[in-house]
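So for the sequence shown, the numbering used here puts the first residue at 35; every next one is plus one. In this text, a Cβ means the ideal position worked out from N, Cα and C, and glycines have one as well. A short write-up of the structure that comes next.
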Amino acid sequence: MNAFKLRYPIILIHGTAAGDSSLFWGRIPKTFKKNNISFFYGKTDRWGTVANNAQMLERNLSDLAEKTGFTKFNLIAHSKGGIDARYFISTLNGHQMVASLSTLSTPHLGTPIADYLMEKHLSGDSVTKKTDPTHFFLIWWSISRPNRINPKRKNMRKYTC
C-alpha cells in the first residue's frame, strides 16, 4: 500500500454500546498507525443521547484543535455515531471544524422499530419514559428525529456506506 498524507486527521466516532478501542474498530487503528495516518477517538458516551454526545464531540474536537493545531477534522462515524456527528455539525455549528463526514451503517432515516416501540409500548405513563433519558430505547428513538431538523450542510462532504 502506498503511503499518503491527509490534510486533516481522522476522528473515529462509535455508536451505541460500542467504545473507543481497537476492539470495536478492528484493524482500522492498526492500519492507520502502520501508514502514519493521524487519528483520534471521538470520546463519546456509549449510552449517551444524541445531544449530549454532540456536545462531547464539540469539547473533544476543540481540545484536539488546541493541542494539535489542526483546524479541521475528517469524521468517520459508525451507526448512532453518525447521528451524533450530524447533530454536532448542523445544530452546534461544528461544520467549521469538520472537513468531511463518512458514516457506516448510520440510520439516517431513523429506525421504524424504535418509533413503533415508543408509540405502542412505551407511551403514556410508561415507567420507561420517566427514566433516565439515556435508556436504550430512548436513545434509539432520539435518532429518528434529528435528521429532520439537521439537514446536510452546504459545502460539507458527506459519505455514507
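With the rule of 3 Cβ pairs closer than 8 Å, the stretch 64 to 81 counts as touching the stretch 46 to 56.
Counting of Cβ neighbours within 10 angstroms places Lys39 among the exposed residues, the total staying below 16.
When the Cα atoms are used, Thr140 and Glu100 turn out to be separated by approximately 29 Å.
DSSP places His112 within a strand segment (E or B) once states are collapsed to three. Per DSSP, the unbroken beta strand (DSSP E) holding Phe73 starts and ends at Phe73 to Tyr75. Excluding sequence positions up to five before and after Lys106, its CB lies within less than 7 Å of the CB of Tyr42, Met131, Val132 and Ala133, all in the same chain and listed in chain order.
The three-state secondary structure of Thr137, taken from DSSP, is strand.
For Phe104, the three-state secondary structure derived from DSSP is coil. Here Thr137 is buried, its C-beta having at least 16 other C-beta atoms within 10 Å.
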